[in-house]
Each structure stands twice: as structure tokens, then as C-alpha cells.
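Worksheet: the structure to be examined is printed underneath.
2 protein chains.
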Amino acid sequence: MPKPWATLGIDLHLEPAGPGLRRGLTDALREAVRTGRLAPGTRLPSSRSLAADLGIARNTVADAYADLVAEGWLTARQGSGTRVADRAVPPRPTRRATRQREPGRLPYDLTPGTPDLSSFPRAEWLRAARRALDAAPNDALGYGDPRGRTELRTALADYLARVRGVRTDPGQIVVCSGFAHGLKLLGELLRARGRRTLAVEPYGLDAHWDLLARTGLRTVPLPADRLGPRTEDLGDLKDSADSAGPDGAADVPAVLLNPSHQFPLGGALPPDRRAAAVGWARRTGGLVLEDDYDGEFRYDRQHVGALQGLDPDHVVYLGTASKSLAPGLRLGWMVLPPSLVTEVARLGGRSTGVLEQLALAEFLTSGAYDRHVRAARLRYRRRRDALVAALADRAPEIRVGGIAAGLHAVLRLPPGTEEPVVRAAAWQGLMLHGLSRYRHPSAAVKPVDALVVGYGTPPDHAWAGTLDALCRALP
Amino acid sequence: MPKPWATLGIDLHLEPAGPGLRRGLTDALREAVRTGRLAPGTRLPSSRSLAADLGIARNTVADAYADLVAEGWLTARQGSGTRVADRAVPPRPTRRATRQREPGRLPYDLTPGTPDLSSFPRAEWLRAARRALDAAPNDALGYGDPRGRTELRTALADYLARVRGVRTDPGQIVVCSGFAHGLKLLGELLRARGRRTLAVEPYGLDAHWDLLARTGLRTVPLPADRLGPRTEDLGDLKDSADSAGPDGAADVPAVLLNPSHQFPLGGALPPDRRAAAVGWARRTGGLVLEDDYDGEFRYDRQHVGALQGLDPDHVVYLGTASKSLAPGLRLGWMVLPPSLVTEVARLGGRSTGVLEQLALAEFLTSGAYDRHVRAARLRYRRRRDALVAALADRAPEIRVGGIAAGLHAVLRLPPGTEEPVVRAAAWQGLMLHGLSRYRHPSAAVKPVDALVVGYGTPPDHAWAGTLDALCRALP
């Protein structure tokens, strides 16, 4: 009688003995089935004869067969032996893992929204992480409070009160994976209450409008003028709420604002419009969602405090480490009216790793965060000054709009030149965004030609070259 | 006015400061209630006055009160302050509370779902984090690929193929913040396609059913018998889909299964039911969501490979570091059919910090993960063996159900005894879960009395005492 296994012509590449033998046999057989070398319906040799053939223990073969039967690769039926299972779909070859390159970037990059990643304080962060993990109780590594670690919420409550005038205590803070995640949870909250509409500023990020749309909320832009969004008109916007009467005339339930530094236009909301937003929220039971994405960075004066300080019961404050440290940390925070904390935490707490949370808490309480922000503020301020000076020198008719703050500036261009400038810049190896991509599709404001220059993005060594490339691309 | 606390005459033996303060206060108060020094109905001083009395922060007291309310030792009602809870069962004579106790927990804890947090490899993890951050390009700290870091997805593709028989490449993996987060995204995906129903097993976690309900999906339990859920009946379940015809007779779009180790019942899905699930998915275009939460831990044989290996186009594999390392990392992963990757990543990628992702990639590729899992497997196997032996000795009529795997076991109890046993255990300082809390409200299966014993939860030093407390609590 021929050896049945030899007949099948499979080379198993088995280790001769030891604990890896069974696994090796199982893997080899699975691979042979998967790649089609053993066709569906093929009858396998008995465990006794394969064991003899391979010179191994019969149990090893029987166990391997049993594993593969359990996984569904083989079938075993009384009287018909062990066969390769029938499979409707042809097996796909296992592809080798390909090392994918990061999406290609041009050599010069002024895309807004990212800080200088080369200045991330790696050594200090690792030190903080080590200290924090050394001090953490075992309990910290569990599922824990859906709002986030108490150490971080306590440190944030102190920091936000001190630096941004936020009125809170640790119990009202929910840690999240950055601003977008927090916004998504708030959108879900509004939808769960049957609301369908959210007011936004006429310029902003389409990624935010899209994620709100995916939660089921329509975004309607506020009217705006050169001072910013007209919050005094909030009362005119209506929700097409599920719960609204037949005339659908309920007030919009919430508005998303950048009161301290509008993105991308760069203005600060005037005091009377801050008051109007809070007054509207009080009057209608509405919510102001305050996106304070770069509240650490103001260069000409002390930054205006958070709107939340005016009315902690009607403003949700959203902050992030994405601009002050790095987006890769995925660390953001919401300061919520007490009545919303439990519901928001239930919708999506426990998103961010405890070790990052503990490291940030240590970073904040040790003063390392303040030191880092001071150094970063100086760096970005110098860049902004250099940008203003270079433009005054080389393109004097172009003005830098907005307040001296944050990581980006808006350069107004002659009508009709935005798109050609962006395209020309790309040909020179400079990645640039025009203002038009930030305009809400339903915005009533007149489009203007401008660039949104993220001067925070380049590493220090590339800054001079990037600025030069920008000046060369301007009309 | 007399100091109210002094009136109560309790000596708290508190550490004067530091992170142990809240825990110390919580323990001392619990002990006072347990031993009857604080009688049921006694009104406690306000957190403000007790804080002043003890010279500590008010929040510390408020937190301790909240912990004890959550544990049921105290009650808090608007207008009547915080009082010692009424208790139906008189307290047993007290053992001394252990010093290592975690806040808000009883001294002995067999709650399932958490590994032994004291065995988290802190030093190795920090080493991996340092090496990973040293090697990472600046770019890694940016917003990055919504699927997660390529280093981690590459390491996972290799690891999952090797250990769990998963067929994938790095492009099909989306990193998420744990299983629940992945499930939420998949629920959103189904809802975005107008689907309304998801099939589940009759026993599982209410937290999962609740989060699916919040995405707008109704969960319908499969019929089941002693072999597990009857996946051959999947075709009988219907979706009340938005897009269905007037008879609403579309197939359910997806089923959530634990094929390798059912939680909590502990069985493995038999081969023919694995095949039936995949066959149903192919026939109807449905999806199997495979929850492989503890695939690293099988003690009696090599673990059955992932169901995903049978059909990568119809099975979403979900894995997590929450059982193999620690829930606090907030690291999970989905292996998706190629057609779903972009949509799922858009719904909620970028949830987990890059540094944790890079550290896990380094942990996997350096072999530290395998070493840790081997040590953990041995630890949990010994505990399971000790549990089985102790029961054979001290409660021989109680059987341990399910396969020898994972971090939990099911102990069948005489009818009508589950709730009294759980309550008696709590009074002895042992936190235990009965099986009934894991039963889906619409499950057609007959309820049985049983305990779900999370033998992975205690730290090593507490294991012997915990096992002893369990045996004493049994009928």
C-alpha cells in the first residue's frame, strides 16, 4: 500500500520534535487547505498512517486533525474519515504585510491644524509617563471611571481654571480622544434627545460637519459679518426636531463656536456676541459648544478667558492636547454642565489609554506642561512675526488677518487668485490650503480669496525655507 | 456647634495626606458601617463639615461617600443627606480589611472581565514605550492614518495569523479603543445602512446590548441549547430594516458571537455551528462579528483558531489587549472585510493614542507579548486548577462548566440559590456575579442558577483567600 501522505505530495517542513510539532503540523495542514493544495473533499490519511509516515506520535496527528475540524477546515464523519471541508469561496493567498509609507507630503508644508511635531518633548513625556506609572495603583489599569482618570480630571480642573478661566470641578470633566471625538459624543447626545439641527459658524472644518451629519444632525451656518458669527441671530434658527410641533419651529438645540480664536478666519468673538450666545442658551435651554482648540497661544496680550466661565450650565468647553502637545496623543477633554456628565460618559467614555492620561496629569502637575507651552508660544510667536515681516517686505499688499494667536494666519488675496496660488505653491513643493475649502456649503457669506497658513506645522529647520517658498508662490 | 464627626465617635486612623487618603477614608467608613459602629439610618456629616473636621479636601470626602453609595453601604437622597443604608441581613463578624484593597471594591473580588492587574508588566511596557518612541518619526505624532499606526497593524497581522489563524493584512486592520468601541462603530455602520436588528447570543454583556441600542439597533437573541447558540437558526431571524419591504422580512444583517469561548457560559461553538454561521453569512450577505476577547488563554489544548479564518469576507474579527494585558491601555483591533475598512475608519478611527499603539507594536515584535502571555496563561491555568480542586474537595456537587480557557468559570448552583449566594458572599467581603445578570431580557432559554467566577481578577497574593471566601459562600 502506498503511503497516503506521500501521495498527497505535501512538504510539511516540520520540526522533528518538541512542543512546536503539533502546532507546526496544524499550521502546515491549514496552509495546505487554505492555498488549495489540498482540495475540498480530499480524504486525508488516517492519523495512524500519517503518524507512521512522519515518524511522530499518533496523538499529535489526531490532535492536529481535531484542531482543524474545530476550526472548520476539515470535517470528520463516522465511516468516511477526515476530509477537507467544502468551501464555497476560493481561498485567498495570505498577503505579506507591506510596509506602507506615510501618505506622501511635499517638502514644505503649511497645512494648518498641526503643531510642530519635531518639538514634542519626548524625553520629558517619557519621564512623566514613568513617574505616573510608578505611582499608579493597580486599579488604574482596569476599566475605571468612564469619565477618565481622577488624577487627570483633577489636574485639568486646576489648569483650566488657572489658565482659561473655566469654572469646573473634576466631576464635570470627561476625557475623550480629542475634539472630534467629544463633538461626536455631543452630537449623539443631541440626536438621542430627538434634535436634528446644530448651528455652526460659516467657516470651519468639513470633517466636523461630516461627523455631525453621520450622527444625524444637520449643520446650519449662522449669518456672519466682518466681526464674526452673528450670535445675536441664534434665535432665528430653527430645529427640524423630531419632537417639534407641526410647524417645526423649535429653537436649534446648540451652537458650535470658536469664541477665542475662530478657525480658520482668526478673529475673536466680540464681548457683546459672547454675551449674546450665552443669553440665547439661557433663554432657550440651548447649549454652546465651545471649541477652545488653541487657547494656550496668544501673543499680543493675555488670552480672553473661556466663554464657559460665563455660564457653566449652558456651555460645554472642549479642549485638546492636539495643538499644545501633539495630535497623536489622542487626548481631549470636555467640561460639561453637571446634568450631562453621566449621559456623555455613557455614550463614549473610556476612549483614551490610562497611561497617556496619567502621563498628562503628571505633565500638568509637575509644571512640565507650562514650560513646554511657554517655549512653544515663543516659537510660534517668532514664526508669526517672521511671516508678517516677510510679507511686509516681499508682498506688501497682502495683509495678515485675525488676532495674533494660534498656529495659523489668514492671508487675503486678490480676487480670483486663491486657486492658482495654491496650485503654484504645490508645484514649488509647498503644501497650502485655500480658505474656500473651509466654507460651509450653505454659508450665506460672500466667498473671499485667501490662504490659511499653518505656520505651526513645519519643523524649525524647515521654517525659513518654507516661508521663502510661500513668498515666492504669492501673486 | 459640636463637631458632628466627633459626635459619631469614630476613630478613622487616616494617613495624613497623599493618594491613600481617599482609600483610607473609604475603608474606614465601610468598616464602621460593616461592623455596626455606624448603625443603619445614621445621618453622616456633610462632606464639607467632615472635611473641615479632618482637615482634608472636601472632594476627598465627597468621593469616599460616592464610592460607598455606589457600593450600597450608604444612601444619598436629596434633602435628607447621606445616611447609612438599611440592611436586610445583619453584618457578619468582620475580618480585617486588607491594606491592598482597591477603592470601591470589596476585599475579595471575583468579578469577571478583568485580568490580574497586579501582573501588568510595567517595567517591560515602559521599556517598549521608550524604544518605540525613540524609533518613531515625528510624523507618527500627527493625526495619521485613521486605521491606526502601520507599525501596530503590521505586528498585529503577523501575530493574529500565527496565533489565531486570522487571515489578514495590515490594510484590513482598524485599531480601536477596545472591543466595545469597535462594536459601537460596527453598530453605526449597520445603522447607516438602514439596518435595525442584530442577532446576539442569549447570554452576554448588557453593556454591549445597551451600546447597540444607543446606536439604534435592536438585539435579538438566538435560540440556544446546551451546545451553545443555534447558528443554524440564523436564517429564521428577521430584520425590521428601514429598507425592508412592507412585510419587514429582510434577514438580520449581522450576528455577534464568541465562537472560541462563550462569555459567560464558557463553551466553544461546535464545528458544525461555526460552519453554519459562516454559511448563513455567505448566503445572506450577512456579517459575523467575532468577539475573540480571550483567545490567548486555553489550558487543555491548543485553542481553536478564529472563525474569521474560514471566511475573511464575511467575518469581522475583534480582539483586545484588555484581557491579555490590561483594560486601561484601551487597545483593541478589528480585522475587517476589505469593503468595510474605509467606512469603519471614517466612523471612528484615531481613537487610541499613538504612543500606546507603538508600544504594543514593539511589545509584539520583540517577543515580550508572547512571554507575558505565556506567564499569564500559566498563572490562570493554576488558578483554574485550584478552583476545580477546591470545589471537588469542599463543594463536590458543584461542577465547573465550560472549557478550560479564559479568565472565568461558571459554577452551576442548586435552583433558587444564586441570589442568596451572591448576597452572602458580599457580606463576607467577596464580590461575585450571578449568571442571571448576563441573560438577555428576550432570551428564550430557561434561566439557571449559577455563578460567573472571574478567577483572573484577584492579585496573586489575594487568590488563596479569595478562593477560600468563595468556598465558604457556596451553599
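In order, the protein sequence lines correspond to chains A and B. Counted from 1, the first sequence has number 201 at position 201 by the working numbering; the numbering is strictly sequential. Counted from 1, the second sequence has number 1260 at position 260 by the working numbering; the numbering is strictly sequential. Ideal Cβ positions, reconstructed from N, Cα and C, are used throughout, including at glycine. Keep in mind that this is a model prediction, so the values were computed, not measured.
Residue(s) in a DSSP beta bridge with residue i
i	result
Gly434 (chain A)	A:Leu451
Glu290 (chain A)	A:Leu257, A:Tyr317
Thr1082 (chain B)	B:Ala1076
Arg1058 (chain B)	Paired residue(s): none; Arg1058 (chain B) is not in a bridge.
Arg1439 (chain B)	B:Tyr1203
Thr1197 (chain B)	B:Arg1218
Ala1409 (chain B)	B:Val1453
Tyr108 (chain A)	A:Leu430
Asp251 (chain A)	A:Lys238
Val400 (chain A)	A:Leu411
Arg298 (chain A)	A:Ala405
Arg1273 (chain B)	The partner list for Arg1273 (chain B) (beta bridge, DSSP) is empty, contrary to what the question assumes.
Arg43 (chain A)	A:Arg83
Pair within 7 Å by beta-carbon distance, residue i and residue j
i	j	result
Ser1351 (chain B)	Ser1177 (chain B)	yes
Leu1364 (chain B)	Tyr1143 (chain B)	no
Val1344 (chain B)	Val1174 (chain B)	yes
Asp311 (chain A)	Ser260 (chain A)	no
Gly165 (chain A)	Asp294 (chain A)	no
Thr1197 (chain B)	Asp1239 (chain B)	yes
Ala1276 (chain B)	Thr1231 (chain B)	yes
Ala1254 (chain B)	Gly1279 (chain B)	no
Glu296 (chain A)	Ser324 (chain A)	yes
Arg147 (chain A)	Gly349 (chain A)	yes
Val410 (chain A)	Gly266 (chain A)	yes
Pro221 (chain A)	His433 (chain A)	no
Pro1202 (chain B)	Val1445 (chain B)	yes
Glu188 (chain A)	Leu347 (chain A)	yes
Gln172 (chain A)	Leu318 (chain A)	no
Leu1474 (chain B)	Ala1395 (chain B)	yes
Leu1110 (chain B)	Ala1326 (chain B)	no
Arg127 (chain A)	Asp63 (chain A)	no
Heavy atom of the ligand GTP within 6 Å of residue i beta-carbon
i	result
Tyr455 (chain A)	Absence of the ligand GTP is noted for the structure shown, with no ligands found whatsoever.
Supposed contact pair residue j and residue i - C-beta distance, whole angstroms, cut 8 Å
i	j	result
Ala180 (chain A)	Tyr299 (chain A)	With a Cβ gap of about 26 Å, Ala180 (chain A) and Tyr299 (chain A) do not count as contacting.
Met1334 (chain B)	Gly1182 (chain B)	5 Å
Leu185 (chain A)	Val354 (chain A)	With 8 Å as the limit, Leu185 (chain A) and Val354 (chain A) do not qualify as a contact, their Cβ atoms being about 19 Å apart.
Leu387 (chain A)	Val400 (chain A)	7 Å
Leu470 (chain A)	Leu435 (chain A)	With 8 Å as the limit, Leu470 (chain A) and Leu435 (chain A) do not qualify as a contact, their Cβ atoms being about 15 Å apart.
Val1061 (chain B)	Leu1074 (chain B)	Not a contact, Cβ separation roughly 12 Å.
Leu205 (chain A)	Tyr438 (chain A)	7 Å
Arg1167 (chain B)	Gln1262 (chain B)	So it is not a contact: roughly 23 Å between Cβ atoms.
Pro264 (chain A)	Pro112 (chain A)	6 Å
Leu391 (chain A)	Leu360 (chain A)	That pair is no contact at about 36 Å.
Leu217 (chain A)	Arg193 (chain A)	In fact, because the Cβ distance is near 11 Å, the residues do not count as touching under 8 Å.
Gly1476 (chain B)	Leu1044 (chain B)	Residue 1476 (chain B) is absent from the model: chain B starts at 1001 and stops at 1475.
Chain-ordered chain E contacts of residue i [CB-CB under 7 Å]
i	result
Ser1118 (chain B)	No chain E appears in this structure, whose protein chains are A and B.
- Task: Spell out a yes or no on whether the region 1364–1375 of chain B and the region 1451–1464 of chain B are touching, meaning 3 or more CB-CB pairs, one atom from each, closer than 8 Å.
- Result: No, they do not touch.
- Give a yes or no on contact between the region 1375–1384 of chain B and the region 1150–1159 of chain B, applying the rule of three or more CB pairs nearer than 8 Å. When C-beta atoms of the region 1375–1384 of chain B are compared with those of the region 1150–1159 of chain B, fewer than three pairs fall below 8 Å, so the two segments do not count as touching.
- Report the residue ranges of all alpha helix (DSSP H) runs contained in full by the region 1310–1381 of chain B; include only those spanning at least 4 residues, in chain order. The region 1310–1381 of chain B contains, as complete alpha helix (DSSP H) runs of 4+ residues, the segments 1341–1348, 1354–1366 (chain order).
- Item | Segments assigned beta strand (DSSP E), at least 3 residues, entirely inside the region 1217–1241 of chain B | List check, beta strand (DSSP E) in window: 1218–1221.
- How about the region 57–77 of chain A and the region 1294–1307 of chain B: do they share at least three Cβ pairs that are nearer than 8 Å? Yes, the region 57–77 of chain A is in contact with the region 1294–1307 of chain B.
- Can you find at least 3 beta carbon pairs, one from the region 1329–1343 of chain B and one from the region 1130–1141 of chain B, that sit closer than 8 Å? Here the region 1329–1343 of chain B makes no contact with the region 1130–1141 of chain B; the two share fewer than three CB pairs at distances below 8 Å.
- Is the region 1250–1258 of chain B close to the region 1419–1428 of chain B, with three or more CB pairs under 8 Å? Contact between the region 1250–1258 of chain B and the region 1419–1428 of chain B is absent, because fewer than three Cβ pairs lie under 8 Å.
- Query: What beta strand (DSSP E) runs, 3 residues minimum, are completely inside the region 1113–1177 of chain B?
  - Reply: Whole beta strand (DSSP E) segments, 3+ residues: 1173–1176.
- Message: Under 8 Å: do the region 1028–1043 of chain B and the region 453–473 of chain A share three or more Cβ pairs, one atom per stretch?
- Response: Remark: fewer than three beta-carbon pairs, one from each stretch, lie closer than 8 Å, so the region 1028–1043 of chain B and the region 453–473 of chain A are not flagged as touching.
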